[in-house]
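Participant: My numbering puts the first residue of the sequence shown at 1, with every later residue one more than the last.
Quick reminder that beta carbons are idealized off the backbone N, C-alpha and C, glycines included.
So that we are looking at the same thing, I have put the structure below in structure tokens.
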Amino acid sequence: MQDIITLLTPRFRSIYNQGRIASGKGGIYKYLLILTLGIIFWVGSLYISLRVLRYFSQIDEMGDILAFKLLSMVIITIFSLLIFSNILNALSKLYLAKDLKLVHSMPVESYRIFLARWIETTLDSSWMVILYTLPVFVAYGWIYSPGIFFYFVIIISLMLLAIGASGFASILVMAAVVIVPASRIRTIFIFLGLSLFILLYIAFRILRPERLVDPEVFSATLFYFKSMNTPSSPFLPSTWCYDAITAALKSEILLSSFHIIIAFSFVLFIGFLMVLMADIVYFSGVSKAQTSAARLFGGVKLWCGLSKGYKLLRIDKLLKFSKIEYFFTNFISGAMRALFIKEIKTFFRDQTQWSQLFLIGALVCIYIYNFKVLPLEKSPIQTIYLQNMLAFLNMGLAFFVLTAITGRFAFPAISMEGESIWIIRSSPIELKSFIWIKYLIYLVPLIILTFILIIGTNILLKVVPFMMVLSCINTFFIVPGVLSLGIGLGAAFPSFKSENPTQTITSYGGLLFMIFSALFIGTVIVLQAGPVYMILSSHFKSKPLEFFDMAWICISFLAAFIISILMTFLPMKFGEKRLKKILFDM
1 MQDIITLLTP
11 RFRSIYNQGR
21 IASGKGGIYK
31 YLLILTLGII
41 FWVGSLYISL
51 RVLRYFSQID
61 EMGDILAFKL
71 LSMVIITIFS
81 LLIFSNILNA
91 LSKLYLAKDL
101 KLVHSMPVES
111 YRIFLARWIE
121 TTLDSSWMVI
131 LYTLPVFVAY
141 GWIYSPGIFF
151 YFVIIISLML
161 LAIGASGFAS
171 ILVMAAVVIV
181 PASRIRTIFI
191 FLGLSLFILL
201 YIAFRILRPE
211 RLVDPEVFSA
221 TLFYFKSMNT
231 PSSPFLPSTW
241 CYDAITAALK
251 SEILLSSFHI
261 IIAFSFVLFI
271 GFLMVLMADI
281 VYFSGVSKAQ
291 TSAARLFGGV
301 KLWCGLSKGY
311 KLLRIDKLLK
321 FSKIEYFFTN
331 FISGAMRALF
341 IKEIKTFFRD
351 QTQWSQLFLI
361 GALVCIYIYN
371 FKVLPLEKSP
381 IQTIYLQNML
391 AFLNMGLAFF
401 VLTAITGRFA
411 FPAISMEGES
421 IWIIRSSPIE
431 LKSFIWIKYL
441 IYLVPLIILT
451 FILIIGTNIL
461 LKVVPFMMVL
471 SCINTFFIVP
481 GVLSLGIGLG
491 AAFPSFKSEN
501 PTQTITSYGG
511 LLFMIFSALF
521 IGTVIVLQAG
531 PVYMILSSHF
541 KSKPLEFFDM
551 AWICISFLAA
561 FIISILMTFL
571 PMKFGEKRLK
581 KILFDM
């Protein structure tokens, strides 16, 4: 046990030292901002959960069925998130961490090293999921008033669920690494996760939840809700925790304790099996993981007949897009063109980057399909008026989707350089040009994506020409602003030593990016909401606009235009200035 504590000590000391350094440099304000936002989110989740449960409690007979079914869905979702998060973290901590060579050179048994790393994996993968789902369980305790025993059961159940999910994920990873090296298995799991998400989303769409707003099928929906009290599988850990929590809600202490004991016995079994397996295969898996990383879809080899025999060629060597590269980079000269081409090739060589394009494509199709199946013709509001209002609100929603995609791809673009940033630093390219090259690479794809989202839904909604033109103009001005925030703040708060730079979106800089993007989009939408309402009302009522209305419309659109221009250039300037200082201090 002492060996495990010793192996965990550097991690806890690094967290403590980071806190001391941050507080000494004024970084305490960063933690206060994060803490404040976390509290706001926690309180907001509690408020929404209370509103939903209070609404359910007012429904005779069906209220408890709906509340308990929602609780079951929440617990299953938590368990699924914990398993997937632990799989990716276990791969990183157990097999791909940079300090594994140093750790395994110590006179410590491999299974003890495994246990120390497993504890880190469990804590890193579970704390946020548990912390931000607690408001849901607190809301249940608030509504049903079961007593103090319920909160004790909640804590124990979530801990057992987290440990069980971590143990199961670790066993799965160790078994997989025996067959495939860890350098390849991570990519495989990412592909499987993306595929699973797409299938689940499509399955959800097949259920057609929009029928809930269709009065013609409401009676059938009631029968559907009546059938939701069917029991879940009795062999899942999530079911045992659910049964323990629901029994505690009904103040059935003995029954709740029985299910807790079952979950605890599962954790003991999975822990014993995990340690036994780690003692047998963990070290050999680590040794195998030290081999060089290989691409999941490597170049396909072709035997080509030649006059003097055979020569082994690769498709990725045959496909030289020199003419295409020249066409798209003809306006750039010298070293900047080389940098531009390098960025594009780096993106498509990283399978964890380009593979997510399939997920985005699936989400875009489902996003547009959602608008196609809305029963707008059965709404009591005038259809053409409702369609245009939905189109305006859809702009805001599409821009928030844009923010999420920008945070995933553009924000970590500077950090993706890693420790090789010194090459850019010593090259004959200005830092300003380097940042703007990153900006231009993502600008056109993001504009096209946003156009597909907004124009596609506008066509389905059959909006008036004014809304179509406004959507196009907003796309041309808001997309550059959001992207500028992503690249600029990504340059201002880089993480060149991170093992996974894509996780920088969860850092302080990523938090600022999300906040400022939301404020930027919200401000533009709010400024345009009043003028758009006045223009649409004037159009549908055939009533001309007055002079003061025209003046207000012009001022609002001009303010939105000025804000968009400022957000396109100021974040880039700020990022350039901060990055220069960071590189100078390196």
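Pick from 129, 285 and 461: whose alpha carbon is nearest that of residue 177?
Facilitator: Among 129, 285 and 461, the Cα nearest to that of residue 177 belongs to 285.
Participant: Rounded to a whole number of angstroms, what is the C-alpha to C-alpha distance between residue 102 and residue 122?
Facilitator: Between residue 102 and residue 122, the C-alpha separation is close to 22 Å.
Participant: Three or more beta-carbon pairs under 8 Å between the segment 73-83 and the segment 116-131, yes or no?
Facilitator: Counting Cβ pairs under 8 Å, three or more are found: they touch.
Participant: Report the start-end ranges of each alpha helix (DSSP H) in the segment 483-554 that is 4 residues or longer and not cut off at the edges.
Facilitator: For the segment 483-554, whole alpha helix (DSSP H) runs of length 4 or above, ordered along the chain, are 508-541.
Participant: On a Cα-Cα basis, can you pick out the residue from 340, 92, 504 and 90 that is closest to residue 429?
Facilitator: When each option's Cα is compared against that of residue 429, the closest is 340.
Participant: Can you list, in chain order, the residues of its chain whose CB lies under 7 Å from that of residue 111, leaving out five sequence neighbours each side?
Facilitator: Cβ neighbours of residue 111 beyond the five flanking positions: 275, 278, 279 and 282.
Participant: Within this structure, are the beta carbons of residue 387 and residue 461 separated by less than 7 Å?
Facilitator: Yes, Cβ-Cβ distance for residue 387 and residue 461 is below 7 Å.
Participant: Within 10 Å of its beta-carbon, does residue 170 have 16 or more other beta-carbons around it, so buried, or fewer, so exposed?
Facilitator: Burial call: buried.
Participant: For the segment 427-446 against the segment 521-538, are there 3 or more C-beta pairs whose distance is under 8 Å?
Facilitator: No, because fewer than three Cβ pairs between the segment 427-446 and the segment 521-538 fall closer than 8 Å, the two stretches do not touch.
Participant: For residue 302 and residue 490, I'd like the C-alpha separation in whole angstroms.
Facilitator: Per-residue confidence for residue 302 stands at a pLDDT of 36, beneath the threshold of 50, marking its modelled position as unreliable; the derived number appears in the next sentence. Computed Cα separation, rounded: 42 Å.
Participant: Please state the DSSP three-state secondary structure of residue 316.
Facilitator: Because the pLDDT at residue 316 is just 42, under 50, the model does not fix this residue reliably, and the value given afterwards should be weighed accordingly. Reduced to three states, the DSSP call for residue 316 is helix.
Participant: What do you reckon, are the CB atoms on residue 236 and residue 247 nearer than 7 Å?
Facilitator: Taking 7 Å as the Cβ cut-off, residue 236 and residue 247 do not qualify as a contacting pair.
Participant: Which residues in the same chain have their Cβ closer than 6 Å to the Cβ of residue 456, if we skip the five residues on either side of it in sequence?
Facilitator: Only 368 meet the Cβ criterion.
Participant: So residue 343 and residue 432 are in contact, right, with Cβ under 8 Å, and what is the actual spacing, rounded?
Facilitator: With 8 Å as the limit, residue 343 and residue 432 do not qualify as a contact, their Cβ atoms being about 16 Å apart.
Participant: According to DSSP, is residue 560 part of a helix, a strand, or is it coil?
Facilitator: Helix, per DSSP.
Participant: For the alpha helix (DSSP H) holding residue 244, just list the boundary residues, first then last.
Facilitator: Start and end: 237-249.
Participant: Cutting at 6 Å between CB atoms, please list the residues of its own chain near residue 536, excluding the five before and the five after it.
Facilitator: Around residue 536: 388.
Participant: DSSP state of residue 74, grouped into three classes?
Facilitator: Reduced to three states, the DSSP call for residue 74 is helix.
Participant: Which of the three DSSP states is assigned to residue 463 in this structure?
Facilitator: The answer is coil: DSSP assigns residue 463 none of H, G, I, E or B.
Participant: Cutting at 7 Å between CB atoms, please list the residues of its own chain near residue 259, excluding the five before and the five after it.
Facilitator: Taken in chain order, the residues that qualify are 240, 243, 244 and 247.
Participant: Looking at residue 538: is its Cβ nearer than 7 Å to the Cβ of residue 545?
Facilitator: Against a cut-off of 7 Å, the Cβ pair of residue 545 and residue 538 comes out as a contact.
Participant: If you count every other CB in all the chains shown that lies within 10 Å of the CB of residue 338, and 16 or more means buried, which is it?
Facilitator: Classification for residue 338: exposed.
Participant: Where do the ends of the alpha helix (DSSP H) carrying residue 44 lie?
Facilitator: Residues 28-57.
Participant: Can you grab the Cα-Cα spacing for the pair residue 468 / residue 458, in whole Å?
Facilitator: If you take the alpha carbons of residue 468 and residue 458, they lie about 7 Å apart.
Participant: Rounded to the nearest angstrom, how far is the Cβ of residue 496 from that of residue 418, given a contact under 8 Å?
Facilitator: Residue 496 to residue 418, Cβ: 6 Å. Contact.
Participant: So for residue 445, helix, strand or coil by DSSP?
Facilitator: Correct three-state label for residue 445: helix.
Participant: What number of angstroms, rounded off, separates the C-alpha of residue 475 from the C-alpha of residue 484?
Facilitator: In a straight line, the C-alpha of residue 475 is about 14 Å away from that of residue 484.
Participant: With H, G and I counted as helix, E and B as strand and the rest as coil, what does DSSP make of residue 106?
Facilitator: Of the three classes helix, strand and coil, the one that applies to residue 106 here is coil, per DSSP.
Participant: For the alpha helix (DSSP H) that contains residue 288, what are its first and last residues?
Facilitator: 253-289 is the extent of the alpha helix (DSSP H) around residue 288.
Participant: Nearest CA to the CA of residue 643: which residue from 94, 488, 481 and 57?
Facilitator: The first residue shown for the chain is 1 and the last is 586, placing residue 643 beyond what the model contains.
Participant: Between 158, 152, 581 and 4, which has its C-alpha nearest residue 106's C-alpha?
Facilitator: The candidate whose alpha carbon is nearest that of residue 106 is 4.
Participant: Does DSSP put residue 174 in a helix, in a strand, or in coil?
Facilitator: Three-state result, residue 174: helix.
Participant: When DSSP labels each residue in this structure, what does residue 410 get in the three-state scheme?
Facilitator: Three-state result, residue 410: coil.
Participant: Less than 7 Å between the beta carbons of residue 63 and residue 72, yes or no?
Facilitator: Not closer than 7 Å, so no.
Participant: Is residue 471 near residue 452, with beta carbons less than 7 Å apart?
Facilitator: Not a contact, by the Cβ cut-off of 7 Å.
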